[in-house]
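To keep things clear, I will list the structure first and then write my remarks on it.
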Amino acid sequence: MAKNGQSNVHNDAYMSDTYTFGGPEGLDPHTQSSYLGGVCVSVAFDRAGRILTVCLGKPSTRLFLIDAHSLAPLAFMELPVAVKAGQEVPSGGYFYLDQFDRAVIPTANRQIWVVRVLDGPCGPGLDRQRVYDLSAEIPEDDSIVSALPDFLGRLWFVTAQGLVGVISRLQRVARPFWLHGERIANSFAVDETGGVFIASDHALYRFDSSETGKPQVTWREPYERGVRVKPGQFSQGTGTTPTLIGPNYVAITDNDDPYMHVMVYRRARQSSSPRLVCRHPVFDANRGATENSLIATDHSIIVENNYGYTLPDALETGKDPAGGVTRIDIDETGGRVVWTSAERVPSLVSKLSLATGLIYTYTVERGADGTDGWYFTAIDFETGKTVFKQLTGTGRLYNSHYAGLYLGPDAAAYVGVVGGLISVRDKDDAQN
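According to our numbering, the sequence shown is numbered sequentially starting from 219.
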């Protein structure tokens with residue numbers, strides 16, 4: 219993949235949602251927006267500092283190349299949209315940028331596209347360089363959720379109906395492994411030992427590649443999936459992509475009631491100790507859910523509460539999310555809550571900068587006239603106190619609706635919203 223922090227919605231192969239470099243520090247911040255006709259869920263940055271993003275709209279889904287400073291589109295490519303079970307299935311909600319600055323995009327027609335940027339005398343363009351056609355391996359009523367490489371260059375993919383597959387470096391597709399009766403709604407994580415960590419709506423798995431190149435289950439850990447799809451989530455199961463913590467652990471949340479739990483496991487192939495390290499309740503009884511990945515450092519986890527959020531216009535019809543952001547520290551003996559913030563984060567993939575010590579997120583406040591105001595918000599990692607907020611806009615077009623927040627190599631922050639993309643940068647950076 220591309221450099222950590224620039225490759226995919228969760229920043230790296232560990233899905234840590236952390237950055238080693240900084241972002242805005244609240245120094246008279248400047249905001250900017252670009253209407254792109256859809257919510258730009260995933261953002262990556264090429265070597266030239268340009269943005270590549272897939273924006274999910276109706277009736278079209280597009281891959282954009284965007285100038286990071288002006289937010290002006292430089293090129294775009296239409297992506298397939300399919301109708302399955304009466305609903306539109308877009309392409310590329312999860313995509314990644316590879317080491318050659320190519321966007322690797324799962325599409326709605328059971329393919330994986332590899333798209334490169336071509337710079338020419340008339341400006342840049344987008345070119346589909348390669349297509350992996352998986353229609354022979356994936357049923358017509360199924361769809362690819364995510365695709366990511368492992369550390370040996372094999373390309374793994376997962377589907378909504380529970381298929382786990384691998385494409386070898388020789389472009390051979392091994393027969394997918396089917397998780398019977400289970401579905402997958404999120405991306406996955408990989409580590410240097412060959413582990414591929416996948417969460418279904420029933421269990422957390424470690425997969426490895428067999429000697430013949432087929433995906434095989436190394437271990438399976440079921441979790442409490444509850445009895446309902448909570449408001450704010452897409453499935454009756456975890457809403458999190460697995461997050462790897464340091465060299466030893468992997469974490470998700472469950473879907474239990476009355477309390478949702480942060481679950482931390484030993485991730486090695488074999489363990490002489492119990493695999494479950496920590497099962498810690500978070501948020502209020504019967505009002506806890508998250509559909510966004512955990513943030514993780516070597517010893518700390520940040521989890522946000524999305525309970526009560528449903529659709530992009532939900533906040534404009536009187537449905538308020540429960541709110542809450544919590545830090546949990548873990549060790550071999552378990553976990554403890556360090557702090558909980560009352561900030562309301564309806565549906566953002568929040569991020570942490572290790573350079574500034576700030577958690578960057580996107581919060582909502584209702585004005586006296588009932589209009590939702592959307593704020594770029596920074597929370598102190600050590601104390602949980604809100605450091606600063608910057609209004610980005612009001613109304614549904616500024617709703618993030620499950621998109622991510624990103625820090626660019628220029629120290630600006632970017633948030634995908636229903637209308638497209640917004641940026642926030644400190645005043646001095648905005649003038650450069």
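For every residue, glycine included, the Cβ atom is placed at its ideal position computed from N, Cα and C. This one's a predicted model, so the numbers in the text were calculated from it and none came from an experiment.
Measuring CB to CB, does Tyr616 end up less than 8 Å from Gly637?
Here residue 616 refers to the residue found at position 398 of the sequence shown. Here residue 637 refers to the residue found at position 419 of the sequence shown. Yes, the Cβ-Cβ distance between Tyr616 and Gly637 is below 8 Å.
List the endpoints of the continuous beta strand (DSSP E) containing Ile356.
Here residue 356 is taken as the residue at index 138 of the sequence shown, counted from 1. Per DSSP, Ile356 belongs to no beta strand (DSSP E) and is neither H nor E.
Can you give the Cα-Cα distance for Phe461 and Thr236, rounded to whole angstroms?
For the purposes of this step, residue 461 is taken as residue 243 along the sequence shown, with counting starting at 1. For the purposes of this step, residue 236 is taken as residue 18 along the sequence shown, with counting starting at 1. The sequence shown places Thr at residue 461, rather than the Phe named in the question. If I take the Cα positions, the gap works out to 11 Å.
Pick out whichever of Arg554, Gly553, Pro564 has its Cα sitting closest to the Cα of Gly542.
Stepping through the sequence shown from its first residue, residue 542 is reached at position 324. Selected option, being the one with the closest Cα: Pro564.
So Gly575 and Asp598 are supposed to be a Cβ contact under 8 Å. How far apart are they, rounded?
On the sequence shown, position 357 is the one that residue 575 refers to. On the sequence shown, position 380 is the one that residue 598 refers to. So it is a contact: roughly 7 Å between Cβ atoms.
Buried or exposed: where does Thr430 fall if 16 or more other Cβ atoms within 10 Å of its Cβ makes it buried?
On the sequence shown, residue 430 is found 212 positions in, with the first residue counted as 1. When all chains shown are included, Thr430 counts as exposed.
Determine the burial state of Asp472: buried for a count of at least 16 other Cβ atoms within 10 Å of its Cβ, exposed for fewer.
Along the sequence shown, read from residue 1 onward, the residue named residue 472 stands at position 254. The residue in question, Asp472, is buried, as its Cβ has 16 or more Cβ neighbours within 10 Å.
For Thr604, I'd like the list of residues in its chain whose CB is within less than 6 Å of its CB, leaving aside the five on either flank, ordered along the chain.
Numbered from its first residue, the sequence shown carries residue 604 at position 386. Only Ile597 meet the Cβ criterion.
Counting beta carbon pairs with one atom in the region 274 to 287 and one in the region 246 to 264, are three or more of them shorter than 8 Å?
Segments in contact, yes.
Out of Ala231, Val642, Asp316, Tyr441, which one is the CA nearest neighbour of Tyr483?
As a first step, residue 483 is located in the sequence shown; it is residue number 265 there, counting from the start. Sorting Ala231, Val642, Asp316, Tyr441 by C-alpha distance to the C-alpha of Tyr483 places Tyr441 at the top.
How big is the Cα-Cα spacing for Gly244 and Ala573?
Mapped onto the sequence shown, residue 244 falls at position 26. Mapped onto the sequence shown, residue 573 falls at position 355. Roughly 14 Å between the two C-alpha positions.
Looking only at C-alpha atoms, which of Glu358, Gln608, Tyr467 sits nearest to Phe553?
To locate residue 553, count along the sequence shown from 1; it is residue 335. Residue identity differs from the one stated: residue 553 is Gly in this sequence, not Phe. Closest option to Gly553, Cα to Cα, is Tyr467.
Within a Cβ cutoff of 6 Å, which residues of the same chain sit near Arg328, ignoring the five residues on either side of it in sequence?
By 1-based counting over the sequence shown, the position of residue 328 is 110. Correct list, in chain order: Leu352, Ser353, Ile356.
My assumption, with CB atoms under 8 Å, is that Ala507 sits in contact with Gly450. Please give the rounded CB distance.
On the sequence shown, position 289 is the one that residue 507 refers to. On the sequence shown, position 232 is the one that residue 450 refers to. Approximately 4 Å separates the beta-carbon atoms of Ala507 and Gly450; this is inside 8 Å, confirming the contact.
Taking all protein chains shown into account, decide if Arg643 is buried (16 or more other Cβ within 10 angstroms of its Cβ) or exposed.
Along the sequence shown, one-based indexing puts residue 643 at 425. Label assigned to Arg643: buried.
When DSSP labels each residue in this structure, what does Lys645 get in the three-state scheme?
Counting from one through the sequence shown, the residue named residue 645 turns up at place 427. Three-state result, Lys645: helix.
Would you mind giving the Cβ-Cβ distance between Leu422 and Glu439, rounded to the nearest angstrom? I have them listed as a contact below 8 Å.
As a position in the sequence shown, residue 422 is number 204, starting the count at 1. As a position in the sequence shown, residue 439 is number 221, starting the count at 1. Right, their Cβ atoms sit about 5 Å apart.
Following the continuous beta strand (DSSP E) through Lys432, name the residue where it begins and the one where it ends.
The count along the sequence shown starts at 1 and reaches residue 432 at position 214. First-last for Lys432: undefined, no H or E at that position.
Where DSSP assigns a beta bridge to His498, which residues make up the other side?
Reading the sequence shown from its first residue, position 280 is the one you call residue 498. For His498, which the question treats as bridged, DSSP gives the partners Val480.
In the DSSP assignment, find the unbroken beta strand (DSSP E) run with Arg614 in it and report its ends.
One-based indexing of the sequence shown puts residue 614 at position 396. Looking at the DSSP string, Arg614 is not in any beta strand (DSSP E), and its letter there is neither H nor E.
Can you tell me whether Val563 is helix, strand or coil according to DSSP?
Taking the first residue of the sequence shown as position 1, residue 563 is located at position 345. Residue state, collapsed to three classes: coil.
Of the choices Lys645, Leu639, Asp646, whose alpha-carbon is the least far from that of Pro291?
Within the sequence shown, residue 291 is the residue found at index 73, counting from 1. Among Lys645, Leu639, Asp646, the Cα nearest to that of Pro291 is on Leu639.
Cβ atoms of Gln317 and Met233: under 8 Å apart, would you say?
For the purposes of this step, residue 233 is taken as the residue at position 15 of the sequence shown. For the purposes of this step, residue 317 is taken as the residue at position 99 of the sequence shown. Taking 8 Å as the Cβ cut-off, Met233 and Gln317 do not qualify as a contacting pair.
Could you name the residues that DSSP lists as bridge partners for Tyr314?
The residue labelled residue 314 in the question sits at position 96 within the sequence shown. Its beta-bridge partners are Asn226, Val322.
Are Ser568 and Leu289 close, meaning C-beta to C-beta below 8 Å?
In the sequence shown, the residue the question calls residue 568 occupies position 350. In the sequence shown, the residue the question calls residue 289 occupies position 71. The answer is no: Cβ separation not under 8 Å.
Can the beta-carbon of Val363 be found less than 8 Å from the beta-carbon of Ile402?
Your numbering for residue 363 matches position 145 in the sequence shown. Your numbering for residue 402 matches position 184 in the sequence shown. Yes, the pair counts as a contact, with Cβ atoms nearer than the cut-off.
Within its chain, find whatever has a CB closer than 8 Å to the CB of His398; leave out the 5 residues flanking it on each side and keep chain order.
On the sequence shown, position 180 is the one that residue 398 refers to. Around His398: Gly380.
Where DSSP assigns a beta bridge to Ser295, which residues make up the other side?
For the purposes of this step, residue 295 is taken as residue 77 along the sequence shown, with counting starting at 1. According to the sequence provided, residue 295 is Met. The question's Ser does not apply to it. DSSP lists Leu281 as partners of Met295.
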